[in-house]
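In UniProt numbering, the protein residues as written are 1 to 348.
The beta-carbon is built from N, C-alpha and C at its ideal position, and this holds for glycine as well.
This is how it looks when you write it as structure tokens:
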């Protein structure tokens, strides 16, 4: 599971709004699956980006002999646009098969049956049909015998459903515990905590009552509240502790006419890693300054991009100044009590 967690971190940020997940498929050559002396890793993978199959699929592609290395296969489809590599084309072709009506059976049917294989997955395998088939069913189809889950998925579309599918198919499923006990070693508890940390902000997104309710935020945003947010930001800037996120340096646009092209700024792809960083900062601080000088020349450009990011993250643009945009979104529990701050200021 430690290895699965390490693999998950390769995709961390790139998977937004999805969670970062890793998977390792291990064959046990004796009857004691708790012993690692005779274990063989058959396949490993991670979730590379939203819209792509999850970690379990890339591990299965390797274990069932479709690719040489599941991690390399996942890496090959991380970028946008995709790398023009033979492996990328091969993986995309395989994924098209996987998305088909009987894709999981065509690629994975019984390839691991009778091999005493355990899947170590940092997050509960999905059970819903999205852009790809459910990972839980793919593990069943492949003949995996046992699944160890780092953390249960609180997503209402999953929330134990993946575990139920696996158990109904006769699999032995265990969810790791983050609490040390006579039955849980200190090492296992630490790995379980790491798995939970991998999806900390995904859990906030999927369980928050406010996330996705940006219209309500605009309804309650008054001129006094905007003034207070700007005053707080000014104090934080002066003190040198203003949370900020810079447009990714590798996404820098050097052509000035493109920086000033309104249509270009409306259409340019906003990198998932940038969105993940902004989202995390909003959860932690509620206020975050977007530094956009790498991508815009003028205030109008900062306003356009700031509003696009705010719309995606259900936040509010509190101020646009130069090449920066100040975003605000209440956290749960709240960090800033704007009504109380305004009341105190009025009383002075």
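| Query | Result |
| --- | --- |
| C-alpha gap between residue 186 and residue 180, whole angstroms | 6 Å |
| Residue 246 (DSSP reduced to helix, strand or coil) | strand |
| Per-residue DSSP class, three states only, for residue 295 | coil |
| Stretch-stretch touch, CB-based, cutoff 8 Å, three pairs: the segment 335-344 with the segment 299-307 | no |
| Sheet register partners of residue 319 (DSSP bridge) | 326 |
| Endpoints, beta strand (DSSP E) assigned at residue 23 | 22-28 |
| Other residues of its chain near residue 173: CB distance less than 6 Å, five sequence neighbours each side excluded | 147, 163, 166 and 167 |
| Check whether residue 112 and residue 7 have beta carbons under 9 Å apart | no |
| Whether residue 74 touches residue 46 by CB criterion (9 Å) | yes |
| 6 Å CB neighbourhood of residue 336 in its chain, flanking five on each side removed | 286 |
| As assigned by DSSP and simplified to three states, the class of residue 170 | coil |
| For residue 224 and residue 5, the rounded distance between their alpha carbons | 45 Å |
| Residue 41 - DSSP class collapsed to helix/strand/coil | strand |
| Other residues of its chain near residue 139: CB distance less than 7 Å, five sequence neighbours each side excluded | 56, 119, 125, 147 and 166 |
| Reduced DSSP secondary structure (H/G/I, E/B, other) of residue 46 | strand |
| Distance, residue 13 Cα to residue 277 Cα | 7 Å |
| For residue 261 and residue 152, the rounded distance between their alpha carbons | 45 Å |
| Cutoff 6 Å; reference residue 323; Cβ partners in own chain excluding five residues on either side | 292, 293, 296 and 302 |
| Option in 308, 192 and 150 with minimal Cα separation from residue 320 | 308 |
| Where the alpha helix (DSSP H) through residue 146 begins and ends | Counting along the chain, residue 146 falls outside any alpha helix (DSSP H), though it belongs to the beta strand (DSSP E) covering 146-151. |
| Simplified DSSP assignment, three categories, for residue 220 | helix |
| DSSP-derived helix/strand/coil call for residue 331 | coil |
| Environment of residue 44 [buried if 16+ CB atoms lie within 10 Å] | buried |
| Nonlocal neighbours in the same chain, by C-beta distance under 7 Å from residue 328, ignoring five residues either side | 229, 286, 287, 315, 316 and 318 |
| Enclosing alpha helix (DSSP H) for residue 87 [first to last residue] | 86-98 |
| Boundaries (first-last residue) of the beta strand (DSSP E) holding residue 117 | 117-123 |
| Per-residue DSSP class, three states only, for residue 359 | The shown model of the chain, from 1 to 348, leaves out residue 359, and the question about it has no answer. |
| Residue 175 in three-state terms, based on DSSP | strand |
| Helix, strand or coil at residue 287 according to DSSP, with G and I counted as helix | strand |
| Coarse secondary structure for residue 264, derived from DSSP in three states | helix |
| Which listed residue (42, 96, 233 and 240) has its alpha carbon closest to that of residue 132 | 96 |
| Chain-order list of residues whose beta-carbon lies under 6 Å from that of residue 204 (same chain, five-residue window excluded) | 283 |
| Distance between residue 60 and residue 116 (C-alpha atoms, nearest Å) | 15 Å |
| Residue 108 in three-state terms, based on DSSP | helix |
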